[in-house]
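Colleague: One structure, as structure tokens, below. Some questions next.
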Amino acid sequence: MTQQAHAERAHALLSASGASRWINCPPSARLTEHIPENRSEYANEGTAAHELSEILLSRSLYPCNSKERKRMADLLEQFKATNPYYGPEMENAVQDYVDVVNERFMEAKSRSSAALVLLEERLDYSEWVPDGYGTGDVVLISDVVLEVIDLKYGKGVPVSAVGNPQIRLYALGAWSAYGYLYDIQEVRMTIVQPRLDSVSSDTMSIEELTEWAESVVKPAATLADAGEGEFKAGDHCRWCKVKANCRARADENMKALAHEFKDPALLDNEEIGSILYITEQLKAWAKDVEDYAFEQAKKGNKIPQWKLVEGRSNRVITDKAAARFSFEIADVDMDKYLKPQELLGIGDMEKNIGKKELAKLLDGLIFKPQGKPVLVPETDKRPELNSIDGDFADEDFT
Numbered sequence: 001m002t003q004q005a006h007a008e009r010a011h012a013l014l015s016a017s018g019a020s021r022w023i024n025c026p027p028s029a030r031l032t033e034h035i036p037e038n039r040s041e042y043a044n045e046g047t048a049a050h051e052l053s054e055i056l057l058s059r060s061l062y063p064c065n066s067k068e069r070k071r072m073a074d075l076l077e078q079f080k081a082t083n084p085y086y087g088p089e090m091e092n093a094v095q096d097y098v099d100v101v102n103e104r105f106m107e108a109k110s111r112s113s114a115a116l117v118l119l120e121e122r123l124d125y126s127e128w129v130p131d132g133y134g135t136g137d138v139v140l141i142s143d144v145v146l147e148v149i150d151l152k153y154g155k156g157v158p159v160s161a162v163g164n165p166q167i168r169l170y171a172l173g174a175w176s177a178y179g180y181l182y183d184i185q186e187v188r189m190t191i192v193q194p195r196l197d198s199v200s201s202d203t204m205s206i207e208e209l210t211e212w213a214e215s216v217v218k219p220a221a222t223l224a225d226a227g228e229g230e231f232k233a234g235d236h237c238r239w240c241k242v243k244a245n246c247r248a249r250a251d252e253n254m255k256a257l258a259h260e261f262k263d264p265a266l267l268d269n270e271e272i273g274s275i276l277y278i279t280e281q282l283k284a285w286a287k288d289v290e291d292y293a294f295e296q297a298k299k300g301n302k303i304p305q306w307k308l309v310e311g312r313s314n315r316v317i318t319d320k321a322a323a324r325f326s327f328e329i330a331d332v333d334m335d336k337y338l339k340p341q342e343l344l345g346i347g348d349m350e351k352n353i354g355k356k357e358l359a360k361l362l363d364g365l366i367f368k369p370q371g372k373p374v375l376v377p378e379t380d381k382r383p384e385l386n387s388i389d390g391d392f393a394d395e396d397f398t
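Quick look at the structure:
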């Protein structure tokens, strides 16, 4: 599959990638149906990572004669030379993903020498979702086990396979296509997020998976396809194309603003704890609304009581070489117009050099201090600190 093919993967109205949204908020599917998708640089980067992974996996998982091996090698070199998103960080991250897939394939082969592996497979789950289909990165079938593996190249939002409707729908599609050929009894779903060093898996029996499909997916899909049901705000709004001007989300946040407090002049800690949840959702909503209003104003669509103006700008030197020559002629001290050279941040160096290579080069030279304390919900997986005074007595965070 070429880069263009990866980028233009067909998406069903009720896509697997959007399942968390249309399952929780069925009418959002039809509401956003004709709104164009704005692809971000992060999405393009993810597309490139998927293309690279397909090349590497095709080479390692499928039997290749010398002619095919040369074709794959040429394809890989072409990708490295022409794809603007390719670099050491992507090479290392995708290789980590490929290593996981190869390991799982060997496990599958240990169960059955006739293990089946499918890459970039179109998976149809229309038995439960009208015109429902998606593209599975990797499908492994061996003996009584079916495993679906999905690459998530992004690192901004952690993604878990546990309870994940997208990968469950992929599993449904794979079972629907191959269940009559194999006595599949167990489904394993794995999401690899290499840049977060995360590999998460979830396991279900076929009975549990189909029960979920019948009781949760099918009713929601029927409503979504018809444009019916109730709008519902929640975490699933993150990827919705109308999250900024959705009335249901606005109503939900306005309800949060109307939080009723007890009579005393000072809030107690229990009330503060409840308010913190409200502030998180309000901050996210406010940013979405601001971004939407700004884009509307740029298009010439007037936002009442607001106007688009020229922001502040910084002066720039149009010809740095000429400027430097001018300073040298005037015998100006270099430290008055040149910055001293300094190392890039570790994240940038990892991107340019590669995480593993950088670790070798700077072995023993990288120190990770304790992080500044932050307040998070109880559901966060990090261990709780006792107190600033106890755990951070010798730290200075000013």
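Using UniProt numbering, the first residue of the sequence shown is number 1, and each one after it goes up by one. All C-beta atoms, glycine included, are put in the ideal place defined by N, C-alpha and C.
1) Can you give, in chain order, each stretch of the alpha helix (DSSP H) that sits fully within the stretch 316–384 and has at least 4 residues?
2) Have a look at Ser274, Leu140 and Leu361 and flag the residue whose alpha-carbon is nearest the alpha-carbon of Tyr182.
3) Which first and last residues belong to the beta strand (DSSP E) in which Gln193 is found?
4) Which of the three DSSP states, helix, strand or coil, is assigned to Gly136?
5) At a cut-off of 7 angstroms, would you count Cys237 as near the ligand PLP, judging by its Cβ distance to the nearest heavy atom?
6) Mind checking which residues open and close the alpha helix (DSSP H) that includes Val199?
7) Around the C-beta of Ser113, are 16 or more other C-beta atoms found within 10 angstroms, so that it is buried, or is it exposed?
8) Return yes when the Cβ of Gly132 is within less than 8 angstroms of the Cβ of Ala221, no when it is not.
9) Taking the continuous beta strand (DSSP E) assigned at Ile149, which residues delimit it?
10) Checking the sheet assignment: what are the DSSP bridge partners for Ile141?
11) DSSP three-state label for Glu51, please.
12) Measure the CB-CB distance between Ile149 and Val187 and report whether it falls below 8 angstroms.
13) With 16 as the cutoff for other CB atoms within 10 Å, does Ala108 come out buried or exposed?
14) Taking the DSSP output, what are the residues bridged to Glu121?
15) To the nearest angstrom, report how far apart Leu344 and Lys351 are at their CA atoms.
16) Report all residues from its chain with a CB closer than 6 angstroms to the CB of Lys360; omit the five preceding and five following residues, and keep chain order.
17) Can you list, in chain order, the residues of its chain whose CB lies under 7 angstroms from that of Leu282, leaving out five sequence neighbours each side?
18) Assign Trp306 to buried or exposed, taking buried as 16 or more other Cβ atoms, counted over all protein chains shown, within 10 Å of its Cβ.
19) Check this for me: beta carbons of Arg39 and Cys240, under 8 angstroms apart or not?
20) Whole angstroms is fine: what's the gap from Met334's alpha carbon to Glu328's?
21) For Glu280 and Val374, what's the separation of their Cα atoms in angstroms?
22) At 4 residues or longer, what runs of the alpha helix (DSSP H) sit wholly inside the stretch 211–275?
23) Determine the contact status of Gly173 and Leu116, defining contact as a CB-CB distance below 8 angstroms.
24) Does the distance from the C-beta atom of Arg195 to that of Lys155 stay below 8 angstroms?
25) Assuming the contact rule is C-beta atoms closer than 8 angstroms, Ser201 and Thr190 should be a hit. Round their C-beta distance to whole Å, please.
26) Compute the beta-carbon to beta-carbon distance between Phe231 and Ser15, rounded to the nearest angstrom, for a pair I have assumed lies under 8 angstroms.
27) If you drop the 5 nearest sequence neighbours on each side, which residues of the same chain put their C-beta closer than 7 angstroms to that of Ala161?
28) Could you work out which residue in Tyr85, His236, Gly18 and Lys320 is closest to Leu338 when comparing CA atoms only?
29) Tell me the rounded alpha-carbon separation between Val159 and His236.
30) Quick one: Cα of Val144 to Cα of Lys355, how far?
31) Could you name the residues of the same chain whose beta carbon sits closer than 6 angstroms to that of Asn44, not counting the 5 residues immediately before and after it, in chain order?
32) Check each candidate in Ala12, Glu33 and Asn24 and name the one with the smallest Cα separation from Val242.
33) Counting only the same chain and skipping the five closest in sequence on each side, list residues whose C-beta sits under 8 angstroms from that of Ala12.
34) Starting from Thr32, trace the alpha helix (DSSP H) in both directions and tell me its first and last residue.
35) Just checking, does the stretch 262–276 make contact with the stretch 48–66 on the three C-beta pairs under 8 angstroms criterion?
36) In chain order, what residues of the same chain have a beta carbon less than 6 angstroms from the beta carbon of Glu121, not counting five sequence neighbours either side?
Modeller: Let me spell this out:
1) 320–329, 346–353 and 355–361
2) Leu140
3) Glu186 to Gln193
4) strand
5) In terms of ligand content, the structure shown is empty, and the ligand PLP therefore cannot be addressed.
6) First-last for Val199: Ser198 to Ser205, but that is the beta strand (DSSP E), not the alpha helix (DSSP H).
7) Exposed, because fewer than 16 other Cβ atoms sit within 10 Å of the Cβ of Ser113.
8) yes
9) Per DSSP, Ile149 belongs to the beta strand (DSSP E) from Val145 to Leu151.
10) Leu116 and Leu146
11) In the structure shown, Glu51 adopts helical secondary structure according to DSSP, grouped into three states.
12) When the beta-carbon positions are compared, Ile149 and Val187 stay at least 8 angstroms from each other.
13) With 16 or more Cβ atoms within 10 Å of its Cβ, Ala108 is classed as buried.
14) Gly136
15) 11 angstroms
16) Answer for Lys360: no residue qualifies.
17) Asn253 and Ala256
18) exposed
19) Contact: no.
20) 8 angstroms
21) 14 angstroms
22) Taking 4 residues as the minimum length, the alpha helix (DSSP H) runs contained wholly in the stretch 211–275 are 218–226 and 247–257, in order along the chain.
23) no
24) yes
25) 5 angstroms
26) Rounded to whole angstroms, the Cβ separation of Phe231 and Ser15 is 19 angstroms, and the two are not in contact under 8 angstroms.
27) Excluding residues up to 5 positions away in sequence, Ile167, Met189, Thr190, Ile191, Ser200, Ser201 and Asp202 lie with their Cβ nearer than 7 angstroms to the Cβ of Ala161 in the same chain.
28) Considering only alpha carbons, the answer is Lys320.
29) If I take the Cα positions, the gap works out to 13 angstroms.
30) 37 angstroms
31) Hits under 6 angstroms: none found.
32) Val242 has its Cα closest to that of Glu33, out of Ala12, Glu33 and Asn24.
33) Spatial neighbours of Ala12 in its own chain (CB-CB distance under 8 angstroms, excluding positions within 5 residues in sequence) are listed in chain order as Val129, Asp131, Gly132, Tyr133 and Gly134.
34) According to the DSSP assignment, Thr32 belongs to no alpha helix (DSSP H), since it is labelled neither H nor E.
35) Contact between the stretch 262–276 and the stretch 48–66 is not established, with fewer than three Cβ pairs separated by less than 8 angstroms.
36) Taking Glu121 as the centre and dropping the five residues before and after it, the same chain places the C-beta of Gly136 and Val139 closer than 6 angstroms to its C-beta, in chain order.
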